[in-house]
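Notes for the one structure printed next.
Protein chains: 2
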Amino acid sequence: MATRIQAGAVVTMDDNRRICAPGAVVYDASGILYVGDPNGYEGPLDQDLVIPEGVVLPGLLNGHNHAAMSMMRGMADDSPFFEWLTQHVWPVESRMTPEDIRIGTLLACAEMIRSGTVGYADMYFEVDQSAEAVEQAGLRAWISRGLVGLEDPDAKKLEDSLAFAERWRGRGDGRIVPMLGPHAPYTCPPEYLEKVARAARDHDLGIHIHLSESQDEMRQMAERYQKTPIQLAYDAGVFESRTLIAHGLYIEETDLPYLEGMVGGVVTCPVSNAKLGNGILPYHMLKEAGIAIGLGTDGPTSTNTLDMFLELKAMAWLQKTREGRPEGFHAVDALWAGTRGTAAVLGHAGGQLAVGAPADLIVVNGRAAHMTPEWDVLANLVYSAIGSDVRYSVVNGRMILQEGIITTFDEAAVIEEARERAKRLMEG
Amino acid sequence: MATRIQAGAVVTMDDNRRICAPGAVVYDASGILYVGDPNGYEGPLDQDLVIPEGVVLPGLLNGHNHAAMSMMRGMADDSPFFEWLTQHVWPVESRMTPEDIRIGTLLACAEMIRSGTVGYADMYFEVDQSAEAVEQAGLRAWISRGLVGLEDPDAKKLEDSLAFAERWRGRGDGRIVPMLGPHAPYTCPPEYLEKVARAARDHDLGIHIHLSESQDEMRQMAERYQKTPIQLAYDAGVFESRTLIAHGLYIEETDLPYLEGMVGGVVTCPVSNAKLGNGILPYHMLKEAGIAIGLGTDGPTSTNTLDMFLELKAMAWLQKTREGRPEGFHAVDALWAGTRGTAAVLGHAGGQLAVGAPADLIVVNGRAAHMTPEWDVLANLVYSAIGSDVRYSVVNGRMILQEGIITTFDEAAVIEEARERAKRLMEG
Numbered sequence: 001m002a003t004r005i006q007a008g009a010v011v012t013m014d015d016n017r018r019i020c021a022p023g024a025v026v027y028d029a030s031g032i033l034y035v036g037d038p039n040g041y042e043g044p045l046d047q048d049l050v051i052p053e054g055v056v057l058p059g060l061l062n063g064h065n066h067a068a069m070s071m072m073r074g075m076a077d078d079s080p081f082f083e084w085l086t087q088h089v090w091p092v093e094s095r096m097t098p099e100d101i102r103i104g105t106l107l108a109c110a111e112m113i114r115s116g117t118v119g120y121a122d123m124y125f126e127v128d129q130s131a132e133a134v135e136q137a138g139l140r141a142w143i144s145r146g147l148v149g150l151e152d153p154d155a156k157k158l159e160d161s162l163a164f165a166e167r168w169r170g171r172g173d174g175r176i177v178p179m180l181g182p183h184a185p186y187t188c189p190p191e192y193l194e195k196v197a198r199a200a201r202d203h204d205l206g207i208h209i210h211l212s213e214s215q216d217e218m219r220q221m222a223e224r225y226q227k228t229p230i231q232l233a234y235d236a237g238v239f240e241s242r243t244l245i246a247h248g249l250y251i252e253e254t255d256l257p258y259l260e261g262m263v264g265g266v267v268t269c270p271v272s273n274a275k276l277g278n279g280i281l282p283y284h285m286l287k288e289a290g291i292a293i294g295l296g297t298d299g300p301t302s303t304n305t306l307d308m309f310l311e312l313k314a315m316a317w318l319q320k321t322r323e324g325r326p327e328g329f330h331a332v333d334a335l336w337a338g339t340r341g342t343a344a345v346l347g348h349a350g351g352q353l354a355v356g357a358p359a360d361l362i363v364v365n366g367r368a369a370h371m372t373p374e375w376d377v378l379a380n381l382v383y384s385a386i387g388s389d390v391r392y393s394v395v396n397g398r399m400i401l402q403e404g405i406i407t408t409f410d411e412a413a414v415i416e417e418a419r420e421r422a423k424r425l426m427e428g
Numbered sequence: 001m002a003t004r005i006q007a008g009a010v011v012t013m014d015d016n017r018r019i020c021a022p023g024a025v026v027y028d029a030s031g032i033l034y035v036g037d038p039n040g041y042e043g044p045l046d047q048d049l050v051i052p053e054g055v056v057l058p059g060l061l062n063g064h065n066h067a068a069m070s071m072m073r074g075m076a077d078d079s080p081f082f083e084w085l086t087q088h089v090w091p092v093e094s095r096m097t098p099e100d101i102r103i104g105t106l107l108a109c110a111e112m113i114r115s116g117t118v119g120y121a122d123m124y125f126e127v128d129q130s131a132e133a134v135e136q137a138g139l140r141a142w143i144s145r146g147l148v149g150l151e152d153p154d155a156k157k158l159e160d161s162l163a164f165a166e167r168w169r170g171r172g173d174g175r176i177v178p179m180l181g182p183h184a185p186y187t188c189p190p191e192y193l194e195k196v197a198r199a200a201r202d203h204d205l206g207i208h209i210h211l212s213e214s215q216d217e218m219r220q221m222a223e224r225y226q227k228t229p230i231q232l233a234y235d236a237g238v239f240e241s242r243t244l245i246a247h248g249l250y251i252e253e254t255d256l257p258y259l260e261g262m263v264g265g266v267v268t269c270p271v272s273n274a275k276l277g278n279g280i281l282p283y284h285m286l287k288e289a290g291i292a293i294g295l296g297t298d299g300p301t302s303t304n305t306l307d308m309f310l311e312l313k314a315m316a317w318l319q320k321t322r323e324g325r326p327e328g329f330h331a332v333d334a335l336w337a338g339t340r341g342t343a344a345v346l347g348h349a350g351g352q353l354a355v356g357a358p359a360d361l362i363v364v365n366g367r368a369a370h371m372t373p374e375w376d377v378l379a380n381l382v383y384s385a386i387g388s389d390v391r392y393s394v395v396n397g398r399m400i401l402q403e404g405i406i407t408t409f410d411e412a413a414v415i416e417e418a419r420e421r422a423k424r425l426m427e428g
């Protein structure tokens, strides 16, 4: 079933960053069939949507999330990090049931669908429930169980992760991709990281890991192992498989040789890094070293929202602050990170509107007051648009947001259920 | 005509930062009559709104704007500052007509009303047209004509400003407050600043001025006058009247004696400062010195949107980045800046829900996915809410946004007209 969307502008994010204004995209479940002039497609059509006020762009890809932490959104914000983690997050997590995780994931999916995300890389626990929620919601997800080596002496959780991967690989029409998720070098000793790295190679799985996120981590790893987190991961063989490095904001020049030729890349989470006071990614150093840079939100307990349009802004604002000049970072670089960058890290063919790419796209209302006038559609998308401007979202050719309504599950019921479940979690 | 709004929560931002959940506010055109328990008001009511999903808070006050620059939103973003100003902004401004300014101001008002702003301090030209637009839109505005001393040898524009103040003082039921707007020390030589300062004293007008915004400005003033911008303004007598210092992010410890006991304060514009690569306000230093700190957007050509909910986030994110720890700045401090802080700088009784305060308030939808669950209503407002969550806005007891619809002018017609006018400006 081929659908054409004709719109005021089509921002392709293809290799040439082509923009067609006006433009059209034609797609079916197999992928994108056409991108170009509104009238240039001559094949058969089952559906023809004309949205003159719309701007079509590839759906955003959130490269780092702990989606079900939506259940703790806003809890103990502004507390010192260690107090927040040990006195708030961990005690509540210990009370969370598998059904809390499923509902929390659906809540996060609602927010992501509404704000233009078509896929995300997740690390959390009760991954079967997360995967079920994603399968229903219609998004893509790269799902890993967070592995804390210190709590997994006999590698039972690693085994569970491999079994999860067996069960879910390719499900949801290929929308669900299992990965392995060793949490971080300060929770996974080198021998454990080696085990995970070996399992990743043996089972052809990618790795999702937090590395070089904070100065504390850098100090701890230097004291404990006389290595940087990057060097530690390299030595454990992590980078022999595709690796998604979450954060990476303290990667140093001396780390670059360990990352040379790596498959995968770094996913930056500017809001989380700012809100936790961690700092600003050395974007230009990584880019010049040829490392793919994706964009993500981190979990909603630290970032609060999963609106990737806020991340686009935060990335640009913070990089310009770091550079000390407005021309130090461009709008298109932020949008690239949130589409092609994350796709490159994940080895995914999406993040662009090009013939043969997956049919994952969103339509933003380009005629809101804050999107008027139209000097530069890219600047409007990055610096002005917010999640609620997204009116349509298509994943794998299926429309999961239609005129602002989620079509795959009952959003209001999920919000109500999440409220009730959170009340129980608050009571302790 | 007294109206009661009953809501899930009322965030007062009064001196005790009281939150009533659930709560109610009763108001009429004279001001706020009651704040407290939903059923605690026993006077007569003409209207009773029950919004269980709503969060009521004081309307946000945007302390620094050039509203009609909405007509150039997104133009030449990411260019070097001087190139942007001289090759893009100034040539287009020279082609802008008074009617362009009126429509641009209405476009900005549409955006501000939709995103929860109830009043703003503006500096631009064609101020009669701005004031007309504001009078119609129903917002409050502190309006000043931007005075460039270098282009005003015989102080004709200063005279015009005084005549404007005569014409508009107190109009729109007191919603419109004229100020004097000497642009900045690098465009207004000391003798001119002295003239403006004298006129402000003689005519009992406040002053709105850019000071200590960039390193370039600091360097220039040091070279030209061997003074900081603050010292220069002090010496010219500026601080003898109420002064709104826009930006102030390079205020130094040695400047503090000049600001001691000043009436007015600093309005920080975190998004503009970040996007132009200027840096981050020394918030704690100013706060400890007892200086009122308000929040503003700057003009939409530099900031792109006028959504104060983005400024709340940006302020918190950037201050935490500066401090290097999550507890270095709290959500309530951002909301204080955007309500009470701006009000204190302007000498305005609003920015809080308290009996006798002006009836300026907004109602946010607290049940969107990204506002769920409710661990902390303040954290949700600052870190999660976005402008489009605002459903109602009341200014001076008049409802100017009702269930998401602007009641005071035809928003769609203004957007269409702004698009057409901008096309002409683009053509040159």
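Just so you know, the sequences run in chain order A and B.
Once you know that position 358 of the first sequence is 358 in this note's numbering, the rest is easy, because the numbers rise by one and skip nothing.
Once you know that position 407 of the second sequence is 407 in this note's numbering, the rest is easy, because the numbers rise by one and skip nothing.
Glycine included, each C-beta is placed from N, C-alpha and C at the ideal position.
Because the structure is a prediction, the values reported are computed rather than measured.
- For the options Ala199/A, Ala29/A, Leu49/A and Ala422/A, the alpha carbon positioned closest to that of Gly23/A is the one of Leu49/A.
- The region 149-214 of chain B contains, as complete beta strand (DSSP E) runs of 3+ residues, the segments 176-182 and 207-211 (chain order).
- If you compare the alpha carbons of Lys227/A, Ile386/A, Ser384/A and Glu403/A with that of Ser393/A, the shortest gap goes to Glu403/A.
- In the three-state reduction of the DSSP assignment, Trp375/A falls in the coil class.
- Every beta strand (DSSP E) stretch that sits fully inside the region 226-290 of chain A and reaches 3 residues is listed by chain position as 243-247 and 264-268.
- Straight through space, the alpha carbons of Ala131/B and Arg175/B are spaced by roughly 10 Å.
- Rounded to the nearest angstrom, the gap between the Cα atoms of Arg140/A and Glu252/A is 32 Å.
- For the 8 Å CB-CB criterion, Thr301/A and Met96/A do not form a contact.
- It is roughly 45 Å from the alpha-carbon of Phe309/B to the alpha-carbon of Ala199/A.
- If the five residues before and after Met221/A are omitted, its C-beta is found closer than 8 Å to the C-beta atoms of Pro185, Tyr186, Lys227, Thr228, Pro229 and Leu232, all from its own chain and listed in chain order.
- Contact of Arg391/A with chain B is not assigned, every C-beta pair being separated by 8 Å or more.
- Taking a cut-off of 8 Å for Cβ pairs, the region 340-350 of chain A and the region 52-68 of chain A touch, as three or more such pairs fall below it.
- When secondary structure is reduced to three states using DSSP, Tyr383/B falls in the helix class.
- Put simply, the CB of His210/A is far from chain B, with every gap to its CB atoms at 8 Å or more.
- Taking CB atoms only, Asp376/A has a neighbour in chain B less than 8 Å away.
- Thr372/B belongs to the set of residues whose beta carbon lies under 8 Å from a beta carbon in chain A.
- Taking 8 Å as the cut-off, the beta carbon of Met218/A is found no closer than this to the beta carbon of Thr243/A.
- Contact of Arg340/A with chain B is not assigned, every C-beta pair being separated by 8 Å or more.
- Relative to the Cα of Tyr27/A, the nearest Cα in the group Tyr234/A, Val382/A, Arg367/A and Val355/A belongs to Val355/A.
- Distance from the CA atom of Cys269/A to the CA atom of Thr297/A, rounded to whole angstroms, is 5 Å.
- Nearest neighbour of Ala137/A by Cα position, chosen from Pro80/A, Asp173/A and Val148/A, turns out to be Asp173/A.
- Listed along chain B are His370 and Ile386, each with a C-beta nearer than 8 Å to that of Asp307/A.
- Shown here, Gly338/B sits in a helix according to DSSP, grouped into three states.
- For Gln129/A, the enclosing alpha helix (DSSP H) stretches over residues Val127 to Ala137.
- Bridge partners of Gln402/B according to DSSP: Ile405/B.
- Interface residue (Cβ-Cβ distance to chain B less than 8 Å): Asp77/A is classified as such.
- The alpha-carbon separation between Ala292/B and Ala2/B amounts to approximately 33 Å.
- Contact between Trp142/B and Val177/B holds: their C-beta atoms lie close to 5 Å from each other, under 8 Å.
- Judged by their CB atoms, Met179/A and His210/A are not nearer to each other than the 8 Å cut-off.
- When Ala9/A, Ile5/A and Ile19/A are compared, the shortest CA-CA separation from Tyr41/A is found for Ile5/A.
- Residues Phe309 of the same chain have their beta carbon placed closer than 6 Å to that of Ile386/A, with the five preceding and five following residues left out of the count.
- Contact fails between the region 101-120 of chain A and the region 77-92 of chain A, because fewer than three Cβ pairs, one in each stretch, are under 8 Å apart.
- Secondary structure note for Leu45/A: it is in no alpha helix (DSSP H), with a DSSP letter that is neither H nor E.
- A distance below 8 Å separates the beta carbons of Ala359/A and Gly31/A.
- Think of a sphere of 8 Å around the beta carbon of Val134/B: no beta carbon from chain A falls inside it, the nearest being about 15 Å out.
- DSSP, reduced to helix, strand and coil, places Asp298/B outside both helices and strands of the structure shown, so it counts as coil.
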